[in-house]
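A.B. asks:
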Amino acid sequence: MDHKRLKKNLFALYDRELSATERCEVLAHIEDCLECRQTYTNWEKIVKTFFRPPLPQTSELFVQRVMEQVEILSDSGWIRWQPVATRWLVPVLGLGIAALLIFISLPSQEPVISTEGLLLANGPERIFSQGVFLREPPQTDDLVTIVLEEP
Amino acid sequence: MRVISAPHDPTLTQEDTDLIKRVLSCLSPEYRMILTLREIQGFSYQEIAAVMHCSLDSVKARLRRARQDFEEKLRHFLGSGNV
Numbered sequence: 084m085d086h087k088r089l090k091k092n093l094f095a096l097y098d099r100e101l102s103a104t105e106r107c108e109v110l111a112h113i114e115d116c117l118e119c120r121q122t123y124t125n126w127e128k129i130v131k132t133f134f135r136p137p138l139p140q141t142s143e144l145f146v147q148r149v150m151e152q153v154e155i156l157s158d159s160g161w162i163r164w165q166p167v168a169t170r171w172l173v174p175v176l177g178l179g180i181a182a183l184l185i186f187i188s189l190p191s192q193e194p195v196i197s198t199e200g201l202l203l204a205n206g207p208e209r210i211f212s213q214g215v216f217l218r219e220p221p222q223t224d225d226l227v228t229i230v231l232e233e234p
Numbered sequence: 017m018r019v020i021s022a023p024h025d026p027t028l029t030q031e032d033t034d035l036i037k038r039v040l041s042c043l044s045p046e047y048r049m050i051l052t053l054r055e056i057q058g059f060s061y062q063e064i065a066a067v068m069h070c071s072l073d074s075v076k077a078r079l080r081r082a083r084q085d086f087e088e089k090l091r092h093f094l095g096s097g098n099v
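In order, the protein sequences belong to chains A and B.
Numbering-wise, our numbering puts 201 at position 118 of the first sequence, and it's gapless, one number per residue.
Numbering-wise, our numbering puts 33 at position 17 of the second sequence, and it's gapless, one number per residue.
(1) Is A:Lys91 close to chain B? Criterion is C-beta to C-beta, closer than 8 Å.
(2) Mind listing which residues of the stretch 74-88 of chain B have their C-beta closer than 8 Å to chain A's C-betas, in chain order?
(3) Considering Cα atoms alone, identify which of B:Ala77, B:Thr52, B:Glu31 is closest to B:Leu40.
(4) Give the DSSP-derived three-state secondary structure of A:Phe134 in the structure shown.
(5) Would B:Lys89 pass as a contact of B:Leu35 if the rule is Cβ separation under 8 Å?
(6) What do you get for A:Leu172, buried or exposed, if any count of 16 or more other CB atoms within 10 angstroms of its CB means buried?
(7) Return helix, strand or coil for A:His86, following the three-state DSSP convention.
(8) Look up A:His112 in the DSSP assignment and say whether it is helix, strand or coil.
(9) For a quick check, are the C-beta atoms of B:Glu31 and A:Trp126 less than 8 Å apart?
(10) B:Ser71 to B:Tyr61, Cα distance in whole Å?
(11) In this structure, how does DSSP classify B:His92 when only helix, strand and coil are distinguished?
(12) Check the C-beta distance from A:Phe134 over to B:Arg80 and give it rounded, since I have them as a contact under 8 Å.
(13) Please work out which residues of its chain come closer than 7 Å, Cβ to Cβ, to B:Asp85, disregarding the five sequence neighbours upstream and downstream, and give them in chain order.
(14) Under 6 Å Cβ to Cβ from A:Arg209, same chain only, skipping five residues before and after it: list those, please.
(15) Does the beta carbon of B:Leu90 sit closer than 8 Å to a beta carbon anywhere in chain A?
(16) Report yes if the C-beta distance between A:Tyr123 and A:Ile113 is below 8 Å; otherwise report no.
(17) At the level of alpha carbons, what is the spacing between B:Ser21 and A:Thr132?
(18) Which bits of chain A does B:Tyr61 rub up against, with CB to CB less than 8 Å?
(19) Should B:Asp32 be flagged as near chain A, meaning a C-beta pair shorter than 8 Å?
(20) Please list, in chain order, the chain B residues whose beta carbon lies closer than 8 Å to that of A:Val130.
(21) Less than 8 Å between the beta carbons of A:Leu89 and A:Glu108, yes or no?
(22) Compute the Euclidean distance between the alpha carbons of A:Leu101 and B:Lys76, then round it to the nearest angstrom.
(23) Quick one: using the 10 Å Cβ neighbour count with 16 as the cut-off for buried, is A:Arg99 buried or exposed?
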């Protein structure tokens, strides 16, 4: 008796035309009843194969409403059609000003502490303080000599 | 048994469309109408009831019988290779 009653609601379940209570009842029955499950699955396959939903079409009414709103906004001055050059002018100017501000606000590239004095202090002062630079790279013997001259 | 197109195929083949037409033409006008309204036009039960001037329970019962009939006819067509 219950099987017959629930079987009648199988297709309504598929069509989502059942209340929440009925839906739970039929779903629970499908879990247990092989015959009802097969009937449900078979129809599902048939629909998927032969009765596919049509592709959504553009609603003419929707397009018409949108175009009406566009015309209203255009008439009221909300939308102003400007030449291309004018439209690009504001963004380009804004970009230029932003770049200028970034350039100005950048910190100086010189280091806070000059390393020149440190290098001179650590090196052989006599040679560098006199401003003597070798045109050719020093030979190994010269370097040894310099080291030996250190006090 | 004829192999029908895969369910995930977004387009129906001409053969499938012909088969639907043939099966539907074998149904009674009442069943053909209710199946067309529901499966092709996508009407709800309420809308079908309004179109066919009957109650919701009647729509439910007719649709169930129409689907069973359609399935039987389809099985007959596919089984006999009459396509």
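Don't be surprised by glycine CBs; every beta carbon is placed ideally from N, CA and C.
C.D. replies: So, from the data block:
(1) yes
(2) Lys76, Ala77, Leu79, Arg80, Arg83, Phe86, Glu87
(3) B:Thr52
(4) coil
(5) no
(6) exposed
(7) helix
(8) helix
(9) no
(10) 9 Å
(11) helix
(12) Actually they are not in contact, since the Cβ atoms of A:Phe134 and B:Arg80 sit about 16 Å apart, beyond 8 Å.
(13) The residues Leu43, Tyr47, in chain order, have a CB closer than 7 Å to that of B:Asp85 in the same chain once the five nearest residues on each side in sequence are set aside.
(14) With a pLDDT of 48 at A:Arg209, under the threshold of 50, the predicted position of this residue should be treated as unreliable, though the coordinate-derived value follows. Excluding residues within five positions, none has a Cβ falling inside 6 Å.
(15) Closer than 8 Å: yes.
(16) yes
(17) Note that B:Ser21 has pLDDT 44, beneath the 50 cutoff, so the model's placement of it is unreliable and the number below is only indicative. Rounded to whole angstroms, B:Ser21 to A:Thr132 spans 7 Å at the Cα level.
(18) Ala95, Asp98, Glu100
(19) yes
(20) Glu55
(21) yes
(22) Going from the Cα of A:Leu101 to the Cα of B:Lys76 covers about 11 Å.
(23) exposed
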